[in-house]
Every structure is written in C-alpha cells, then in structure tokens.
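The numbering used here numbers the first residue of the sequence shown as 986 and each following residue consecutively. No residue lacks a Cβ here, since even glycine has one placed at the ideal position from N, Cα and C. Structure record follows, encoded as structure tokens.
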Amino acid sequence: MKKTVILINLRFSDFYSPPLFKLVKDKGVRLVAIIDEQFKGQIGPHILPYLDQVHVLPSIAKDGFLSEFNINPLRLIVASEANHADDVRIVCTDEFNLLNAGILRREFSLMGATDIELLPFRDKLLMKSLLKAKGIRVPNYKLLTSSDSYYDIGKELGAHFIVKPVDSSGSHGVYAIKTAIDFTVCKNKTKHYECEFEAEEFIDGKLYHVDSYTENHEIKFICANEYAFPNHDYTRGKVLSSFPLDEHDELSFNLIQFAKKCLYVLGANNVVNHMELFVKTNGDIVFLEVSARPPGAYLNLTHRINHGINLVDIDFALQSGLNVNLNAERTNEKAFFAIFPLKPGRVMALKPPHVSSRFDMTWHVDQGDAISPDRCTNIINKAAHAIFYGTTLQQLRDDFNTIKHHQAIEVAR
C-alpha cells in the first residue's frame, strides 16, 4: 500500500528526534512538506534529506503576525497526492493551520481530526462555552463589538480585564486593560485587525500548564508544570520559563485531575494537548485555554529529559498513523528552560545568569544590535534561551527562582 504523509508547515521541526524521518522513509512512506516561505531555510538536516517534495507557499502576515495558508493551494497539493497514494495522512503542529488540516481531512475523507473536532481547541470562546456548560470554572468573557465601551465591559467583567484575539497564539494582540485610556489605546491598535476579539475577566493567580496526549480515548501521558510568569508578561520584559512539578505533589495532582475533566468535555482524542490553568490564591483552579498541538518553545526538550517522552514525535505518530517508537530513556537529571526577552534599544552587553546548575545558553542577539520596539511585542522573538540541568528538583527550584528576575541583555536607549 502506498502511503504519503503531508506535513503542513514544519514548525517545531527542531524538536523531532533525529532518527524519526529516516525511520519513516525506511518504511517506504512518501514525505511531502508544505512550508511557509519565512521558514523554508529552517528545515534541519535531520529532516530535509528525507523529504520527497517541498512546496513553498507565500508568507502572508495577518494582523502583523503569523497566519494560516490560503486553503486553495493546499487543496491542489492534497488532491494531487491522493491520486497517487492509497493512504494520505496530514501532520500539522502549526497552531494557525490546524483548522486547514482538519478541513482537508474532512473534504478528502482522510484519517485524523477534522476541523469540526479541532474547533474547540482553536476558538477560545467556544472552548470556554463548552466547559462552562459542564460547570468547569472559566474566566467570565464576552465577544467584543465595536460599540463596547470600557465602562460597559467593566460592569460585566470588572475594571481590570484582558482583551485578546479569539484564535491567535504567542501572546500576540493581547492587552491588559485597567483604565479607559488602556481600552482606547487597544482599540486604536487593533481596529484594522481581521480577527475577532474577546474581553476576558482578569484572573489574579499563578499560571500553570498541563501537557498531555490521548490515544484511543485514553490519556497516555500527562504532566503539570509551573510558569515563572503569565506568558503575556514576556512582552513586558519578564522571563518566560516553566518548571516541572513533582508528580507526587498535591498541586500537581489537582491540576491534572482538573485538566482531565476539561479534555473529556472537549473531546480530546488521538491528539497532543497543551493546556494553561490559573490557580488563585484560595487554591481554586480556573481554565484559561487549550490547544491541540505539542507545547511550544523548549518544553519538548525538557519533557524528554524529565519524563522520557518527546511529544512532537508522539504527535507525528498520532497524526500519521505510523508506529515509531522513539521515546527517549528517562534520565536521572531534571531540567527546565528559560527564554529571555528582548528590550528596545542598542545591546550593550550580554549577561549570562549566575546559578549553581549546569546550563546551555544560546544567544539570539549580539552586542551592538539595535532592537526596535515592534520586535518586543510577542514571544517569538528573544534575546537568548537556555536549558538548566540538575540532579534534584530542589536544586533546580532555587535556580528557577533566581532566573525569573534575570535580565540577559543590557541596552542603551
């Protein structure tokens, strides 16, 4: 039987295990990649030689950020491949193209999740509506309209609320609103955006994430982790970092049980999920959002170290229907990652952190670089990233608390 796997936008490609694509080719599978032109030079040597064909499609920014492909060229590619294969599978880890992948599966009767099944993991209003209907605590929210005023929203959600797109990621287009002036600035900056926006109750609490995957309606892996700060704070100069919770910890247990209820309500199956949850000061857990893809950033590296699992490989296996056993062996080490933010100005100095843990640090700027304010508006751009290694969680916890407040670059305005 001839089998073809079509990869739609190879985001996260750095995190696939090096042997994966060779193993897939050894099975006689045809591999076709559809790449956004801005990513075409970023396909690693562990993938590129094994691709039978690469389609590069135009990169069209949406609201000043990443966007989905026009679906018509995708249809033509899938139709052509379907004419020459008995089994075509689509693999997509790109948040913006998940629904495109689902539409194509539905239209061409391909195996895998359709857009209808994936929509609750893309539409932030829909996911909260479904969970709220089952009694799960979510922030109060409303779809924004052009006639909404700060005072009208404040009566419904409170004076401090969040405005964000209903279907974006990477903290792009997210605004913390505390005053009428904040709201006016937000409306002026987003008035030409194509997407819809929602207003959401501000939750005063600490942010966590729960990563998991389900197969045949069974949760096969799930873990809870603590963020240093809410992701949006990264665009305001805070470090983006995540720390693995002890699996025997009571908080970890409570977060996982809460997440399992959410996944059940939303119908997660044969999918990798990344869920974000707030824990309020009184201990109540509040759902924030969930996606149907592996976690971003360097969590895929630290999960491999901490849990002996590569969720990007798992995601490929689930979507492709291929049996690829590449789980890494769990080591005695523990690890966490940190991404250090940019600051507008000219880079005067690079400043590694002073911690007891061993760490590998990669710089994304050089001394003398000029950083414009618009490069500091999302979590895609960074000054540096690092992976920290230790033998115990307590040792790492101390360093995690240190690097939370570390400024990796010194700039002159």
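| task | Figure out for me which residue from M986, L1033, D1021 has the closest Cα to the Cα of Y1001. | result | In the sequence shown, the residue the question calls residue 1001 occupies position 16. Considering only alpha carbons, the answer is L1033.
| How far does the beta strand (DSSP E) with M1346 in it reach, from first residue to last? | The residue given as residue 1346 occupies position 361 in the sequence shown. It spans 1343 to 1348 - the beta strand (DSSP E) in which M1346 sits, taken as one unbroken run.
| query | Which first and last residues belong to the alpha helix (DSSP H) in which R1060 is found? | reply | By 1-based counting over the sequence shown, the position of residue 1060 is 75. In this chain, the alpha helix (DSSP H) harbouring R1060 covers 1056 to 1067.
| Bounding residues of the beta strand (DSSP E) (the contiguous stretch that carries H1194) | On the sequence shown, position 209 is the one that residue 1194 refers to. In the DSSP assignment, H1194 falls within the unbroken beta strand (DSSP E) covering 1190 to 1200.
| request: Within the same chain, show all residues whose beta-carbon is closer than 7 Å to that of R1360, passing over the 5 residues directly before and after it, in chain order. | output: Locating residue 1360 in the sequence shown gives position 375, counting from the first residue. Excluding positions up to five away in sequence, the list reads L1327, N1366.
| Between the beta-carbon of A1368 and the beta-carbon of H1391, is there less than 8 Å? | As a position in the sequence shown, residue 1368 is number 383, starting the count at 1. As a position in the sequence shown, residue 1391 is number 406, starting the count at 1. The answer is no: Cβ separation not under 8 Å.
| query | For A1320, which residues from the same chain have a beta carbon less than 7 Å from its beta carbon, with the 5 sequence-adjacent residues on both sides left out? | reply | In the sequence shown, the residue the question calls residue 1320 occupies position 335. Only T1287, I1290, N1291, I1372, F1373, Y1374 meet the Cβ criterion.
| Closest Cα partner of V1073 within the set I1207, L992, E1203 | Here residue 1073 corresponds to residue number 88 of the sequence shown, with the count starting at 1. Answer by Cα proximity: L992.
| request: Give the single residue among C1247, F1322, N1255, G1293 whose Cα lies nearest to the Cα of I1114. | output: Taking the sequence shown and counting its residues from 1, the one referred to as residue 1114 is at position 129. Before going on, a small fix: residue 1114 reads as Ser here, not Ile. When each option's Cα is compared against that of S1114, the closest is C1247.
| query | Is the CB-CB distance between L1008 and V1309 below 8 Å? | reply | Within the sequence shown, the letter at position 23 stands for residue 1008. Within the sequence shown, the letter at position 324 stands for residue 1309. Cβ atoms of L1008 and V1309: closer than 8 Å.
| task | Tell me where the beta strand (DSSP E) around E1235 begins and ends. | result | Translated into positions along the sequence shown, residue 1235 becomes position 250. For E1235, there is no enclosing beta strand (DSSP E); the residue is found in the alpha helix (DSSP H) stretching over 1235 to 1251.
| request: Give the range of the beta strand (DSSP E) segment to which L1273 is assigned. | output: The sequence position of residue 1273 within the sequence shown is 288, counting from 1. Start and end: 1270 to 1276.
| message | Let me check understanding here. Comparing Cα to Cα, which of K1176, D1196, L1262, G1252 lies closest to F1214? | response | Within the sequence shown, residue 1214 is the residue found at index 229, counting from 1. Considering only K1176, D1196, L1262, G1252, the residue with the shortest C-alpha distance to F1214 is L1262.
| said: Tell me the DSSP secondary structure of I1299 in three-state form. | reply: Against the sequence shown, residue 1299 aligns to sequence position 314. Per DSSP, reduced to three states, the secondary structure at I1299 is helical.
| said: If you measure between the beta carbons of V1195 and C1171, is that distance less than 8 Å? | reply: For the purposes of this step, residue 1195 is identified with residue 210 of the sequence shown, where counting begins at 1. For the purposes of this step, residue 1171 is identified with residue 186 of the sequence shown, where counting begins at 1. Not in contact: V1195 and C1171 (Cβ atoms no closer than 8 Å).
| message | Contact between the segment 1061 to 1080 and the segment 1092 to 1109 is defined here as three or more beta-carbon pairs at a separation below 8 Å; is this criterion met? | response | Cβ pair count under 8 Å is three or more, so yes.
| task | For E1102, name the three-state secondary structure that DSSP assigns. | result | Against the sequence shown, residue 1102 aligns to sequence position 117. It is helical.
| Test item: CB-CB of N1332 and G1353 under 8 Å | Locating residue 1332 in the sequence shown gives position 347, counting from the first residue. Locating residue 1353 in the sequence shown gives position 368, counting from the first residue. Per the sequence shown, residue 1332 should be read as Val rather than Asn. Closer than 8 Å, so yes.
| task | Excluding the 5 residues preceding and the 5 following L1230 in the sequence, name in chain order all residues of the same chain whose CB lies nearer than 7 Å to its CB. | result | Within the sequence shown, residue 1230 is the residue found at index 245, counting from 1. A1209, N1210, E1211, L1236, S1237.
| query | Between which two residues does the beta strand (DSSP E) carrying Q1038 extend? | reply | Within the sequence shown, the letter at position 53 stands for residue 1038. Looking at the DSSP string, the run of the beta strand (DSSP E) that includes Q1038 is 1038 to 1042.
| said: Excluding the 5 residues flanking A1277 on each side, which residues of the same chain have their C-beta closer than 8 Å to its C-beta? | reply: Counted from its first residue, the sequence shown places residue 1277 at position 292. If the five residues before and after A1277 are omitted, its C-beta is found closer than 8 Å to the C-beta atoms of L1083, A1098, L1103, F1106, R1107, A1253, V1256, V1257, N1258, all from its own chain and listed in chain order.
| query | Where does I1045 fall in DSSP's three states? | reply | Here the question's residue 1045 lines up with position 60 in the sequence shown. It is coil, neither helix nor strand.
| task | Could you name the residues of the same chain whose beta carbon sits closer than 8 Å to that of N1317, not counting the 5 residues immediately before and after it, in chain order? | result | For the purposes of this step, residue 1317 is taken as residue 332 along the sequence shown, with counting starting at 1. Excluding positions up to five away in sequence, the list reads T1376.
| said: Check this for me: beta carbons of R1382 and V1271, under 8 Å apart or not? | reply: Residue 1382 sits at position 397 when you count from the first residue of the sequence shown. Residue 1271 sits at position 286 when you count from the first residue of the sequence shown. Contact flag unset, no.
| query | How should Y1126 be labelled, buried or exposed, when 16 other C-beta atoms within 10 angstroms of its C-beta is the threshold for buried? | reply | Numbered from 1 along the sequence shown, position 141 holds the residue referred to as residue 1126. Y1126 is buried by the Cβ-count criterion.
| In three-state terms, what does DSSP make of R1107? | For this step, residue 1107 is matched to residue 122 along the sequence shown. In the three-state scheme derived from DSSP, where H, G and I count as helix and E and B as strand, R1107 is classed as coil.
| CB-CB under 6 Å to K1389, same chain, minus the five flanking residues each way: which ones, in chain order? | As a working mapping, residue 1389 is identified with position 404 in the sequence shown. Around K1389: A1213, V1224.
| said: Using 8 Å as the threshold, is the C-beta distance between M1053 and V1041 below it? | reply: Numbered from its first residue, the sequence shown carries residue 1053 at position 68. Numbered from its first residue, the sequence shown carries residue 1041 at position 56. One point to set straight first is that residue 1053 is Glu, not Met, in the sequence displayed. Not a contact, by the Cβ cut-off of 8 Å.
| query | P1003: which of H1233, A1118, T989, I1028 sits nearest, CA to CA? | reply | As a first step, residue 1003 is located in the sequence shown; it is residue number 18 there, counting from the start. Looking only at H1233, A1118, T989, I1028, the smallest Cα-Cα distance to P1003 is reached by I1028.
| field | Three-state secondary structure assigned by DSSP to K1163 | value | In the sequence shown, residue 1163 corresponds to position 178, counting from 1. Assignment of K1163 by DSSP, reduced to helix, strand and coil, places it in the coil class.
| Across which residues does DSSP place K988 in a beta bridge pair? | To locate residue 988, count along the sequence shown from 1; it is residue 3. In the DSSP output, where bridge partners are listed per residue, K988 has D1072.
| task | State the DSSP-derived secondary structure class of P1150, mapped to helix, strand or coil. | result | Taking the first residue of the sequence shown as 1, we reach residue 1150 at position 165. Strand, per DSSP.
| Relative to the alpha-carbon of L1089, which residue among F1081, D1100, D1079 has its alpha-carbon at the smallest distance? | Locating residue 1089 in the sequence shown gives position 104, where the first residue counts as 1. When the alpha-carbon of L1089 is set against those of F1081, D1100, D1079, the nearest one is in D1100.
| task | Using beta-carbon positions only, say whether E1186 and L1116 come within less than 8 Å of one another. | result | For the purposes of this step, residue 1186 is taken as the residue at position 201 of the sequence shown. For the purposes of this step, residue 1116 is taken as the residue at position 131 of the sequence shown. The answer is no: Cβ separation not under 8 Å.
| said: Using a 10 Å radius around the Cβ and a threshold of 16 neighbouring Cβ atoms, would you call T1130 buried or exposed? | reply: In the sequence shown, counting from the first residue as 1, residue 1130 sits at position 145. The residue is exposed, with fewer than 16 neighbouring Cβ atoms inside 10 Å.
| field | Residues near I1045 by beta carbon distance below 7 Å, same chain, minus five either side | value | Indexing the sequence shown from 1 puts residue 1045 at position 60. Non-local beta-carbon contacts of I1045 in its own chain, meaning distances under 7 Å to residues more than five positions away in sequence, involve S1052 in chain order.
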